[in-house]
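Just so we're aligned, residue 0 is where the sequence shown starts under numbering that gives the first Met the number 0, counting upward by one.
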Amino acid sequence: MEPQLKSVLLPADDTISAGSNMEMEDRVSHLEQRLQLQEDDIQLLKAALADALRRLGCCEEQKLASQQPGGKDVLHSIKR
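This is the structure in structure tokens:
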């Protein structure tokens, strides 16, 4: 555990009662669960963004190909 995080979560003295220790463990557990959910959300957002960018790239390539004389021949030369 990082020193900064440890100082926030764990008090300096060792006279914590069992009840407040359980409360601290519950809080840490809750924060860990929230962190995991946020990490999962980030992964989903990354996947959605990658998909949107891929689709946008396809649309731009199709638009470019349709605007150029020779159509798809121009598109293939751009990809090389």
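Virtual Cβ for every residue (Gly too), placed ideally from N, Cα, C. None of the values given here were measured: they were computed from a predicted structure.
Distance between residue j and residue i (C-alpha atoms, nearest Å)
{"i": "residue 79", "j": "residue 46", "result": "Low confidence applies to residue 79: its pLDDT is 47, below 50, so where it sits in the model is not reliable, and the reading given next is rough at best. Rounded to the nearest angstrom, the two C-alpha atoms are 26 Å apart."}
{"i": "residue 33", "j": "residue 67", "result": "51 Å"}
{"i": "residue 25", "j": "residue 35", "result": "15 Å"}
{"i": "residue 29", "j": "residue 21", "result": "12 Å"}
{"i": "residue 62", "j": "residue 51", "result": "16 Å"}
{"i": "residue 43", "j": "residue 58", "result": "23 Å"}
{"i": "residue 48", "j": "residue 64", "result": "24 Å"}
Where residue i falls: helix, strand or coil (DSSP)
{"i": "residue 35", "result": "helix"}
{"i": "residue 18", "result": "helix"}
{"i": "residue 66", "result": "helix"}
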